[in-house]
Amino acid sequence: MTGMNDVMDRSRGRIKSAAPPRRAVRRFTSDHALLGGVWLVLAAYPFVAPNDFLVSLGVLFFINLILIASLNTLMGFCGQISLSHGAFYGLGAYTSGILSVKLGVDPWIGVPAGMLVAALSALVIGLPALRLRGHYLAMATLGFNAILTVLFNELVGLTGGPNGLLGVAPFSIGGLDIATDDRVFWLVWACGGLVMLSILNLVKSRVGRALSALATSEIGADALGVNCFRYKLVVFVLTAAMAGLAGGLYVHYNQYASPETFGYFTSVMLVVMVALGGWGRYWGPLFGALLYTAVPEALRSLGDFELFLFGLCMILVLLFFPGGIAAAVSTLGNRLFGKKKAGGRA
Amino acid sequence: MDNASTVLQLLFSGIGTGSIYALVAVGFNVIFKSTDAINFSQGEWVMMGGMVAAATVTASSSPVWLACLFAVLVVTAVGLVSERLVILPIAKPTPLLITLISIGLAICTKSAVMLTLGKNPAGYPGFAGDALVTVAGATVHSQTLWILVITAAFMVLAHLFFEKTVLGKALRAAAADRDAAALVGIKARSTVMWSFAIAAMAGAIAGTIITPLTLTSYDAGTMLGFKGFSAAMLGGLGNLYGSLLGGLLLGVLEAFASGYISSHFKDAIAFVVLLLILFWRPVGLIGKPVVEKV
Chain D
1 MTGMNDVMDR
11 SRGRIKSAAP
21 PRRAVRRFTS
31 DHALLGGVWL
41 VLAAYPFVAP
51 NDFLVSLGVL
61 FFINLILIAS
71 LNTLMGFCGQ
81 ISLSHGAFYG
91 LGAYTSGILS
101 VKLGVDPWIG
111 VPAGMLVAAL
121 SALVIGLPAL
131 RLRGHYLAMA
141 TLGFNAILTV
151 LFNELVGLTG
161 GPNGLLGVAP
171 FSIGGLDIAT
181 DDRVFWLVWA
191 CGGLVMLSIL
201 NLVKSRVGRA
211 LSALATSEIG
221 ADALGVNCFR
231 YKLVVFVLTA
241 AMAGLAGGLY
251 VHYNQYASPE
261 TFGYFTSVML
271 VVMVALGGWG
281 RYWGPLFGAL
291 LYTAVPEALR
301 SLGDFELFLF
311 GLCMILVLLF
321 FPGGIAAAVS
331 TLGNRLFGKK
341 KAGGRA
Chain U
1 MDNASTVLQL
11 LFSGIGTGSI
21 YALVAVGFNV
31 IFKSTDAINF
41 SQGEWVMMGG
51 MVAAATVTAS
61 SSPVWLACLF
71 AVLVVTAVGL
81 VSERLVILPI
91 AKPTPLLITL
101 ISIGLAICTK
111 SAVMLTLGKN
121 PAGYPGFAGD
131 ALVTVAGATV
141 HSQTLWILVI
151 TAAFMVLAHL
161 FFEKTVLGKA
171 LRAAAADRDA
181 AALVGIKARS
191 TVMWSFAIAA
201 MAGAIAGTII
211 TPLTLTSYDA
221 GTMLGFKGFS
231 AAMLGGLGNL
241 YGSLLGGLLL
251 GVLEAFASGY
261 ISSHFKDAIA
271 FVVLLLILFW
281 RPVGLIGKPV
291 VEKV
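In order, the protein sequences belong to chains D and U.
Per the numbering used here, the first sequence starts with residue 1, numbered consecutively.
Per the numbering used here, the second sequence starts with residue 1, numbered consecutively.
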């Protein structure tokens with residue numbers, strides 16, 4: 001019973017005496033070291049990629065990674081299925097894009113503005129929607145995405161409508177345009193790393209532990225004094241801002257945005273990629289983003305068969321590795337290195 | 001008088017589209033009841049019904065009703081076989097996994113139709129040709145009346161099926177409590193197969209009767225599925241009568257939004273209202289709240 005009271009007090013931040021002062025967060029963990037290592041390895045990519053096309057795929061990989069990693073935080077660590085990630089991606093892209101085209105606002109100001117708009121709209125939609133559970137939350141977020149798709153298409157004066165938003169300026173530093181693939185690569189590489197680092201710090205913190213409690217059982221977590229609704233809302237808003245960042249990077253890289261990039265299909269596919277990568281596993285989105293970027297390109301030569309094979313591969317992966325690729329890799333690793341304990345949050 | 005006939009006209013067109021949404025919603029509900037999953041292939045079956053019927057009409061010059069009947073049988077079989085191929089092999093079926101696999105199934109179904117029947121939009125005349133009928137001052141396509149009749153008949157038959165037949169009762173029993181149903185000899189896995197067949201049939205009927213009014217093409221399924229899902233949610237997931245109510249309401253809402261406000265924004269307006277209803281009644285209009293246990 002004392003244990004339970006302790007947890008309740010801590011979660012409200014009221015504990016003062018009795019227990020010695022707690023260290024808030026373990027600042028540097030082995031996962032931090034691994035993240036640093038992986039990012040250094042990824043930095044070698046533009047030097048080994050044989051042509052610009054492959055470098056441009058590298059850029060898309062990091063943009064997709066930001067989208068999938070942020071959605072994984074909401075879905076995997078928080079247990080909430082959102083089908084509006086494409087909409088927040090689009091809000092980030094269109095806000096920054098429109099500011100750039102219509103008012104000539106610098107992307108360095110436009111992108112944060114886009115993140116803010118995505119975050120604010122997540123707050124507005126999240127306040128009522130996160131009180132819904134399961135399929136009803138999925139429906140509400142899907143509806144929100146549908147509304148935004150209509151707006152992107154029909155507010156022709158602002159968005160350019162179905163023809164898309166043309167003439168978006170690229171990023172630039174001191175007069176130097178960041179427009180070519182090899183320059184944009186470093187920008188998205190850094191942003192992707194920052195996003196992965198913030199997610200790592202989030203899940204390792206007290207907030208992260210509260211999240212995994214509420215993902216397991218919301219009522220159980222509520223009973224232990226975790227304010228589930230508030231945590232869900234905070235994560236929803238944060239991950240929407242990350243999707244907004246991805247949108248901003250995308251629009252200034254492509255210098256163009258079109259409504260179908262941010263539609264219903266994108267939102268559904270992002271959910272699928274979270275699952276294929278490894279639901280609720282920190283490294284899962286890396287695999288998800290790799291699949292999302294590479295597989296359509298690899299299948300492109302097959303023409304009309306592309307979509308069929310894509311669907312088939314999806315079904316097969318889910319049938320044979322229901323925990324996603326990260327789970328399969330971690331099982332394989334454990335088998336190779338003889339660790340007894342399989343699973344766990346990688 | 002003119003105003004009244006406009007209202008009536010919009011009402012007819014809304015109920016016509018709404019009936020389609022209701023049929024699709026029934027499909028969602030039947031599978032939801034047996035698996036707790038959202039089946040993303042539902043809309044593709046609607047599209048497939050229309051496409052197969054159109055191909056049959058073109059290829060064999062058979063009467064439209066016969067081609068539609070044939071298409072419904074084909075798609076029902078496709079639904080049944082799909083379940084055996086991709087849902088049955090799942091080692092540990094969870095609602096989420098079934099939902100995700102159904103997305104893959106939807107992609108495969110859509111591209112299989114594209115590869116076999118082509119990318120061109122397809123259509124055929126209505127059951128009574130393209131005749132227009134005047135009802136109380138409103139001009140209505142005769143196919144709209146057929147849609148109303150067929151949907152009503154389907155709803156009555158579905159009601160009788162679930163209330164009176166052994167298979168229907170078995171499906172309800174398995175939906176209510178899988179383990180208890182298994183104890184009295186109902187195979188849970190075979191009820192899932194039948195639910196897929198019934199859902200595919202409901203979708204195919206919707207597809208074959210709407211195609212004379214709207215045409216169809218391989219990529220039309222996603223939107224129809226999406227609307228049917230919304231209708232199911234609006235009425236209350238897992239409820240046959242909720243589907244009907246939700247479908248009709250969504251259809252009428254869209255018709256009036258496009259008639260009186262703006263046809264460009266009709267989807268957005270329909271979804272805004274849908275979200276408001278969902279926030280007001282989080283379990284749908286006639287859904288029952290589920291008590292969750294830790």
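Just so it is clear, CB atoms sit at the ideal spot from N, CA and C, and this is done for glycine as well.
Please read these numbers as outputs of a predicted model, since none were measured by experiment.
Practice problem: Report the neighbours of residue 90 (chain U) on chain D: residues whose CB is nearer than 9 Å to its CB, in chain order. | Solution: 318, 319 and 322
Quiz item: What residues from chain D crowd round residue 267 (chain U), counting only those whose CB sits closer than 9 Å?
Solution: 146, 147, 149 and 150
Quiz item: Going straight from the alpha carbon of residue 268 (chain U) to that of residue 86 (chain D), what length do you get?
Solution: 16 Å
Exercise. Please classify residue 177 (chain D): does DSSP put it in a helix, a strand, or coil?
Key: strand
Self-check item: Cβ contact (3+ pairs, closer than 8 Å) linking the stretch 138-145 of chain U and the stretch 199-214 of chain U
Solution: yes
Quiz prompt | Assumed close pair residue 371 (chain D), residue 181 (chain D) - CB separation to whole angstroms, cut-off 8 Å | solution = Chain D is shown from 1 up to 346; residue 371 (chain D) falls before or after that span and cannot be answered.
Quiz prompt | Burial state of residue 301 (chain D), where buried means 16 or more other Cβ atoms lie within 10 Å | solution = exposed
Practice problem: Give the straight-line distance between the Cα atoms of residue 125 (chain D) and residue 76 (chain D), rounded to the nearest whole angstrom. | Solution: 20 Å
Quiz item: Straight-line CA distance for residue 386 (chain D) to residue 249 (chain D)?
Solution: This structure cannot speak to residue 386 (chain D), because chain D is shown only from 1 to 346.
Quiz item: Are residue 70 (chain U) and residue 52 (chain U) closer than 9 Å when you measure CB to CB?
Solution: yes
Practice problem: For residue 130 (chain U), name the three-state secondary structure that DSSP assigns. | Solution: strand
Quiz prompt | residue 249 (chain U) to residue 306 (chain D) span [Cα, whole Å] | solution = 38 Å
Quiz item: Expressed to the nearest angstrom, what Euclidean distance is found between the alpha-carbon atoms of residue 287 (chain D) and residue 164 (chain U)?
Solution: 50 Å
Exercise. Below 9 Å between beta carbons is the criterion; list the residues of the stretch 253-287 of chain D that meet it against any residue of chain U, in chain order.
Key: 264, 265, 268, 269, 271, 272, 275, 276 and 279
Quiz item: Is residue 171 (chain D) helix, strand or coil when you go by DSSP?
Solution: strand
Quiz item: Going along the chain, which residues of its own chain have a beta-carbon closer than 7 Å to the beta-carbon of residue 21 (chain D), five neighbours each way excluded?
Solution: Caution is warranted here: a pLDDT of 48 is assigned to residue 21 (chain D), below 50, making its placement in the model unreliable, and no coordinate value can be reported.
Exercise. Determine the contact status of residue 37 (chain D) and residue 45 (chain D), defining contact as a CB-CB distance below 9 Å.
Key: no
Quiz prompt | Residues bridged to residue 166 (chain D) [DSSP beta-bridge criterion] | solution = D:256
Quiz item: Do we get a CB-CB distance below 9 Å when we pair residue 222 (chain U) with the residues of chain D?
Solution: yes
Quiz item: According to the Cβ coordinates, are residue 214 (chain D) and residue 78 (chain D) closer than 9 Å?
Solution: yes
Self-check item: Cα-Cα separation between residue 233 (chain D) and residue 122 (chain D), rounded to whole angstroms
Solution: 8 Å
Self-check item: Nearest to residue 97 (chain U) (by Cα), restricted to the options D:159, D:91 and D:273
Solution: D:273
Quiz prompt | For residue 200 (chain U) and residue 45 (chain U), believed in contact at Cβ under 8 Å, the rounded distance | solution = 5 Å
Exercise. Quick one: using the 10 Å Cβ neighbour count with 16 as the cut-off for buried, is residue 337 (chain D) buried or exposed?
Key: exposed
Self-check item: Bounding residues of the beta strand (DSSP E) (the contiguous stretch that carries residue 138 (chain U))
Solution: 138-141
Exercise. Return yes when the Cβ of residue 165 (chain D) is within less than 9 Å of the Cβ of residue 97 (chain D), no when it is not.
Key: yes
Self-check item: Listed by chain order, chain U residues near residue 304 (chain D) by CB distance under 9 Å
Solution: 111, 114, 115 and 119
Quiz item: Would a check of beta-carbon distances place residue 286 (chain U) closer than 9 Å to chain D?
Solution: no
Exercise. Taking residue 37 (chain U) as the reference, give the member of D:136, D:127 and D:29 with the closest Cα.
Key: D:136
Quiz item: Taking three-plus beta-carbon pairs below 8 Å as touching, is the stretch 75-85 of chain U in contact with the stretch 192-207 of chain U?
Solution: yes
Practice problem: Starting from residue 141 (chain U), find everything on chain D with Cβ-Cβ shorter than 9 Å and list it in chain order. | Solution: The contacting residues do not exist; residue 141 (chain U) stays about 26 Å from chain D at best.
Quiz item: When you compare each of D:52, D:49, D:47 and D:80 to residue 271 (chain D) by their alpha carbons, which one comes out closest?
Solution: D:80
Practice problem: Output the distance between the C-alpha atoms of residue 105 (chain U) and residue 269 (chain D), rounded to the nearest integer angstrom. | Solution: 13 Å
Quiz item: Who does residue 135 (chain U) pair with in a DSSP beta bridge?
Solution: U:138
Practice problem: Following the continuous alpha helix (DSSP H) through residue 46 (chain D), name the residue where it begins and the one where it ends. | Solution: 45-48
Exercise. Let me know the secondary structure DSSP gives residue 91 (chain U) once reduced to three states.
Key: coil
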